[in-house]
Ligand code: SF4
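Printed below as a string of structure tokens:
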């Protein structure tokens, strides 16, 4: 008998447990770089991109613009299938804004991925202002037969912060995108950064309350990181005092408080981001994702608390 309403004894509603229960086994995302651009880089919304973005931080080795979707999937699946014979796969359109193309092109790419016999669905990372009703209506039809998740870069619930990091959209667009995906039975995920300059602990805890009231199914949190080759790095060099980079203990404390306020129905996929060592300026914790999560679980236990304990 599980202790918590999400069906496990973990003290938060964890994504991997949710996926194992949903698919009755292991599921692995295979990252694909399908050569998309981003309207915040090509001039439609802005140039230069978000101040923290260096897109090289999130493409694994097997992603390569010169390779087709099929060959990237094959390489990724070959890599994992040796370890786990019964694994299922999701094609993860990860780099840049993966709905930023005419619908016909999107259909060709997504359907190429879904034609792979071992792929059971899609995860599509994009900006909230890069989806419209036409794209979502199409994804709704795919979602009738496959697992389809759209992952939105929400980043902050405060428009001043979104402006400061040059996101080129506001929180209202995120609310629209999350609501419209949920309404169409498309799985959604909100990606948020904790620690942005100009924000305080009161803002992050307020964010947990705000997100909890929205139809958010999955959440990815991560600590602010400064990466080389970004405009935020220049800002950091010039005004380091504006940046309160978390220590591991500070961030653990914050994530526990955030989880306590968070709607227990929201599935949490991750708490930290791990940039390649060569690109990471700060904070340099030297901790893997699973090591952070293990510490978090210990702290939840020590404080005898859990996700949603203070949710109203
Ligand atoms: S973070 Fe996303 S939206 Fe911002 S510049 Fe990078 S790819 Fe574009």
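In our numbering, the protein residues as written are 11 to 322. The beta carbon of each residue, even a glycine, is placed where N, CA and C say it ideally should be. None of the values given here were measured: they were computed from a predicted structure.
- When the beta-carbon positions are compared, residue 175 and residue 255 stay at least 9 Å from each other.
- Counting the other CB atoms within 10 Å of its CB gives residue 139 a total of 16 or more, which places it among the buried residues.
- Residue pairing from DSSP places residue 41 in a beta bridge opposite 102.
- One thing to note: residue 217 has its Cβ no nearer than 9 Å to the Cβ of residue 269.
- Spanning the alpha carbons of residue 76 and residue 119 requires a straight line of approximately 14 Å.
- Counting C-beta pairs closer than 8 Å gives fewer than three between the segment 267-283 and the segment 101-115, which falls short of the contact rule.
- When DSSP assignments are scanned along the segment 206-234, the uninterrupted stretches of alpha helix (DSSP H) that are 4 or more residues long and fall wholly within it turn out to be 211-222.
- In the structure shown, residue 159 adopts extended strand secondary structure according to DSSP, grouped into three states.
- A Cβ-Cβ contact shorter than 9 Å links residue 263 with residue 309.
- Bounds of the alpha helix (DSSP H) holding residue 124 are 113-124.
- Using a Cβ distance threshold of 9 Å, residue 258 and residue 295 count as a contacting pair.
- In the DSSP assignment, residue 79 falls outside any beta strand (DSSP E) and within the unbroken alpha helix (DSSP H) covering 79-91.
- At a threshold of 8 Å, residue 34 does not count as near the ligand SF4, since its beta carbon sits no closer than that to any of the ligand's heavy atoms.
- The DSSP-derived three-state label of residue 236 is strand.
- Non-local C-beta neighbours of residue 219 in its own chain, meaning closer than 6 Å and more than five positions away in sequence, comprise 271, ordered along the chain.
- When C-beta atoms of the segment 124-135 are compared with those of the segment 143-163, three or more pairs fall below 8 Å, so the two segments count as touching.
- Cβ contact annotation for residue 131 (same chain, cutoff 7 Å, sequence separation greater than five): 100, 156, 157 and 158, in chain order.
- Judged by pairs of C-beta atoms under 8 Å, the segment 231-242 touches the segment 284-294, as three or more such pairs exist.
- Separation of the CB atoms of residue 240 and residue 61 is rounded to 6 Å, and the pair is thereby assigned contact status at 8 Å.
- Assignment of beta-bridge partners to residue 165 by DSSP yields 202.
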